[in-house]
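*Asks:* Taken in order, the sequence shown gives residues 1 to 258; the numbers are from full-length UniProt numbering. No residue lacks a Cβ here, since even glycine has one placed at the ideal position from N, Cα and C. Pasting in a structure now, in structure tokens, and then I'll have a few things to ask.
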Amino acid sequence: MRLQALPSRQDNYIWTLSGEDGGAIVVDPGESAPVFAAAADGLRPAAVLLTHHHYDHIDGTAELLQRWPGLPVYAPHDPRIAFACQRVGDGDRFALLGTRVAVIEVPGHTSSHIAFHLTRGQDGWLFCGDTLFSLGCGRLFEGTPAQMHASLQRLAALPGDTRVCCGHEYTLSNAAFAHAVEPDNPALQRRIEEAKAMRRSGHPSLPSTLADERACNPFLRCTEPAVIAAVTGQSGRPPHDAVETLAALRRWKDGFAA
């Protein structure tokens with residue numbers, strides 16, 4: 001299967017996972033033009049996966065359906081996604097293009113956010129929208145720190161070689177914050193240098209792997225002594241538990257300027 005990140009809007013990615021015949025799973029088409037351009041090069045959308053209702057993840061879907069009537073669309077149970085689609089929720093499983101798809105509910109960024117874990121043979125891909133970013137996580141627009149922590153822990157429990165395909169090119173901006181939290185983390189420094197090299201060469205910094213995120217992403221490391229110490233120094237008191245650590249990290253990140 002060929003994984004491709006189609007740049008969209010200012011910093012979004014529309015992900016496609018396609019087979020040798022061009023048949024493709026399209027994830028979070030926030031606009032149609034990048035998909036149409038890929039179709040001109042042989043991509044043939046076979047299904048659409050939507051992680052959450054925000055416009056920059058769904059707005060191209062209607063035009064895709066106009067061009068390819070009957071294209072199946074899988075989306076969370078949320079009336080804010082108004083067009084016809086197949087609603088899926090936690091634990092749902094189905095197959096697309098010979099690839100197994102598992103749905104994981106991951107509230108936090110939005111109340112109805114879902115992620116899609118795809119596996120084929122030894123390969124695995126996680127399409128996590130705006131829940132998990134490389135070296136970061138989404139803002140808590142509708143959910144609670146407890147929900148986000150639980151969601152991130154569910155994703156972190158997937159196999160370490162799973163490729164993390166998130167919705168935005170935020171790695172380097174997240175890296176500045178992650179370095180402020182854990183300046184002495186050698187795995188983080190390696191990931192930062194890797195991401196810088198990828199961006200200098202004009203390539204996405206994604207996908208990362210879950211093993212890298214577990215080693216580098218402060219929001220997945222809320223029980224690590226260095227992260228707890230950084231939060232304690234920032235807030236003036238030690239957090240009571242991992243949820244409070246995540247909440248403090250998210251507040252710190254929301255006001256962070258490199």
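I need the straight-line Cα distance from ASP184 to GLY30, nearest angstrom please.
*Replies:* The sequence position of residue 184 within the sequence shown is 184, counting from 1. The sequence position of residue 30 within the sequence shown is 30, counting from 1. The straight-line gap from Cα to Cα measures roughly 37 Å.
*Asks:* Measure the C-alpha to C-alpha separation of GLN122 and GLY233 and round it to an integer number of angstroms.
*Replies:* The sequence position of residue 122 within the sequence shown is 122, counting from 1. The sequence position of residue 233 within the sequence shown is 233, counting from 1. Near 42 Å, if we compare the C-alpha coordinates of GLY233 and GLN122.
*Asks:* Am I right that VAL181 and SER208 are in contact with their C-beta atoms under 8 Å? What's the rounded C-beta distance?
*Replies:* If you number the sequence shown from 1, residue 181 lands on position 181. If you number the sequence shown from 1, residue 208 lands on position 208. The pair is not a contact, with the Cβ atoms about 17 Å apart (cut-off 8 Å).
*Asks:* Using 8 Å for Cβ pairs, my map puts THR110 next to HIS53. What's the rounded Cβ distance?
*Replies:* Counting from 1 along the sequence shown, the entry for residue 110 is found at position 110. Counting from 1 along the sequence shown, the entry for residue 53 is found at position 53. Right, their Cβ atoms sit about 7 Å apart.
*Asks:* Over the uninterrupted beta strand (DSSP E) stretch that includes GLU105, give me the two end residues.
*Replies:* In the sequence shown, residue 105 corresponds to position 105, counting from 1. 99-105 is the extent of the beta strand (DSSP E) around GLU105.
*Asks:* Across which residues does DSSP place ALA95 in a beta bridge pair?
*Replies:* By 1-based counting over the sequence shown, the position of residue 95 is 95. ALA95 pairs with ARG100.
*Asks:* If I measure Cβ to Cβ from ARG80 and keep anything under 6 Å in the same chain, skipping five residues before and after, which residues do I get?
*Replies:* Locating residue 80 in the sequence shown gives position 80, counting from the first residue. Counting only Cβ-Cβ distances below 6 Å, and skipping sequence neighbours, we find HIS53.
*Asks:* Could you check the C-alpha separation between ALA146 and VAL243 for me, to the nearest Å?
*Replies:* Translated into positions along the sequence shown, residue 146 becomes position 146. Translated into positions along the sequence shown, residue 243 becomes position 243. Roughly 6 Å separates the two Cα atoms.
*Asks:* So for ARG44, helix, strand or coil by DSSP?
*Replies:* Against the sequence shown, residue 44 aligns to sequence position 44. It is a strand residue.
*Asks:* DSSP beta-bridge partners for TYR55?
*Replies:* Taking the first residue of the sequence shown as position 1, residue 55 is located at position 55. For TYR55, which the question treats as bridged, DSSP gives no partner whatsoever.
*Asks:* Can you tell me whether THR162 is buried or exposed? The criterion is at least 16 other CB atoms within 10 Å of its CB, across all chains shown.
*Replies:* Indexing the sequence shown from 1 puts residue 162 at position 162. With 16 or more other Cβ atoms within 10 Å, it is buried.
*Asks:* Pull up the DSSP beta-bridge partners for SER32, would you.
*Replies:* Counting from 1 along the sequence shown, the entry for residue 32 is found at position 32. DSSP output for SER32 lists no bridge partner at all.
*Asks:* Could you tell me if TYR55 is buried or exposed, where buried requires 16 or more neighbouring beta carbons within 10 angstroms of its beta carbon?
*Replies:* As a first step, residue 55 must be located in the sequence shown, where it is residue number 55. So TYR55 ends up on the exposed side.
*Asks:* Taking 8 Å as the cut-off, does the region 114-129 touch the region 236-254 (at least 3 CB pairs, one atom from each stretch)?
*Replies:* Contact between the region 236-254 and the region 114-129 is absent, because fewer than three Cβ pairs lie under 8 Å.
*Asks:* Check whether the region 135-150 touches the region 88-97, taking contact to mean three or more Cβ pairs, one atom from each stretch, closer than 8 Å.
*Replies:* No, the region 135-150 is not in contact with the region 88-97.
*Asks:* Would you kindly report the start and end of the unbroken alpha helix (DSSP H) that includes GLY225?
*Replies:* Taking the sequence shown and counting its residues from 1, one reaches residue 225 at position 225. The displayed chain sequence assigns Pro, not Gly, to residue 225. It spans 225-235 - the alpha helix (DSSP H) in which PRO225 sits, taken as one unbroken run.
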